[in-house]
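Below is one structure; the comments refer to it alone.
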Ligand code: ADP
Ligand code: MG
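In this note's numbering, the protein residues as written are 17 to 305.
Shown next as structure tokens:
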């Protein structure tokens, strides 16, 4: 697919009052000390332990971590599908924590385009109807829905597959339909959770090149993955492990070494403590380490 096909995808520059006085524009995502604790019966699981993350407009960031590290929990919070136990999350400058269910649903629908591992396409609907769905929820009139869905599918190179149902498309094509569905509302943010997890190598490259094009055109993309090869396609990678975020590999290595030192009972090197705890408000108790 040529970049030209996607050229008109670039978001229109909004008049940003932040630019007038020379100050920085609001980041799309701004998380400060976000924690999430699940309580099931008597057991509490601290899935996120003080996440700080700023994603400016136009960034392409991968969040990479092993199974159980808190990726889906973070994804649910970023996508306004769940709210933090504590800490603040500002989406495009707006504090998500003070919104009610209806406002959250509205933000989800208008500001975020979701791409999931399982595609989440409705089997009985054609590609075009699947892409129209977010516009149905946004009460866009039918003729305009059709036009915008067709445009979005053309942008991902599926203009000749409008009337195909998901079973009549390859995995890679199905994921491109869901990218079109994510784009059709013109969201501030594309949020993808393991988008290549069910794809073969060729389709993986195909979908990743689509994200790269979206990024080149100024879209903000957050890609969640457990695979380094996939994360490497993003402009930058942050690592998540045991509910902590590490902003570079070096930081993660230092943190891991600090943990090992603590576990061995030796006095930790003060310098190596920094990456472990600067993201958390308080130091984890030794018995938790
Ligand atoms: P990942 O997506 O990286 O595999 P998750 O965010 O799904 O990680 O899980 C992080 C931790 O939180 C795990 O220990 C998991 O068992 C726990 N967890 C996730 N969801 C729930 C839940 N709804 N109730 C209780 N514990 C949960
Ligand atoms: Mg997960």
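Note that the Cβ used here is the ideal one computed from N, Cα and C, for glycine as well. Quick caveat, the model's predicted, so the values are computed rather than measured.
Helix, strand or coil for residue i? Go by DSSP, reduced to three states.
i           : result
residue 184 : helix
residue 251 : coil
residue 174 : coil
residue 89  : helix
residue 49  : strand
residue 200 : coil
residue 310 : The question about residue 310 has no answer, for the chain in this structure spans 17 to 305.
residue 138 : coil
residue 56  : strand
residue 309 : Summary: the structure shown does not reach residue 309, with the chain confined to residues 17 through 305, and so no result is reported for it.
Which residue's Cα is closest to the Cα of residue i: the options?
i           : options            : result
residue 154 : 264, 125, 179      : 125
residue 239 : 233, 211, 229, 245 : 211
residue 130 : 72, 95, 245        : 95
Under the criterion of a Cβ to heavy atom distance below 7 Å, does residue i qualify as lining the ligand MG?
i          : result
residue 52 : no
Is residue i near the ligand ADP, judged by its Cβ being under 7 Å from some heavy atom?
i           : result
residue 212 : no
residue 86  : yes
residue 81  : yes
residue 238 : no
residue 247 : no
residue 101 : no
In whole angstroms, what separates the C-alpha of residue i from that of residue j?
i           : j           : result
residue 42  : residue 104 : 15 Å
residue 201 : residue 218 : 28 Å
residue 70  : residue 45  : 6 Å
residue 97  : residue 114 : 14 Å
residue 48  : residue 180 : 44 Å
residue 185 : residue 213 : 17 Å
residue 174 : residue 139 : 17 Å
residue 189 : residue 59  : 42 Å
Counting pairs of beta carbons, one from the region 206 to 225 and one from the region 145 to 160, are three or more of them closer than 8 Å?
-> No, they do not touch.
Can you find at least 3 beta carbon pairs, one from the region 251 to 260 and one from the region 72 to 85, that sit closer than 8 Å?
-> yes
Pair every Cβ in the region 47 to 63 with every Cβ in the region 198 to 211, then say whether three or more of these pairs are closer than 8 Å.
-> Cβ pair count under 8 Å is below three, so no.
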